Amino acid sequence: MVTAHPTSRRRGPQLLPGMFHADRDRALRSLAALEALDAEWLLPGHGPALRSSARAAVARARETSGTTDP
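Under this note's numbering, residues 9 to 78 are what the sequence shown spells out, in order.
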């Protein structure tokens, strides 16, 4: 999960575009590990830091990826 990326016009929690991972289903499933974290700040590898619960950030990433399934 990132909060911005040069190849994406979106801002906020999101998965990297498909060209950056070989297994989209696995990427979506990995969000569950992040969702379980008790965090107030997210420090992604790409994009600005985000003050948000991990649960809310994962929900937004799922929404922008086109799925709401955990």
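Think of the CB as a built atom: it goes at the ideal place given N, C-alpha and C, for glycine as much as any other residue.
As the structure is a prediction and not an experimental result, all values here were calculated from the model.
### Query
Leaving out five residues before and five after arginine 59 in sequence, what residues of the same chain have Cβ atoms less than 6 angstroms from its Cβ?
Correct list, in chain order: Trp49.
### Message
Is leucine 23 close to chain C? Criterion is C-beta to C-beta, closer than 7 angstroms.
### Response
No chain C is part of this structure, which consists of one protein chain only.
### Query
Per DSSP, what kind of secondary structure is arginine 19 in: helix, strand or coil?
coil
### Query
How many Å lie between arginine 68 and proline 21 at the Cα?
6 angstroms
### Task
Using the DSSP secondary-structure output, state which residues sit across from leucine 36 in a beta bridge.
For leucine 36, which the question treats as bridged, DSSP gives no partner whatsoever.
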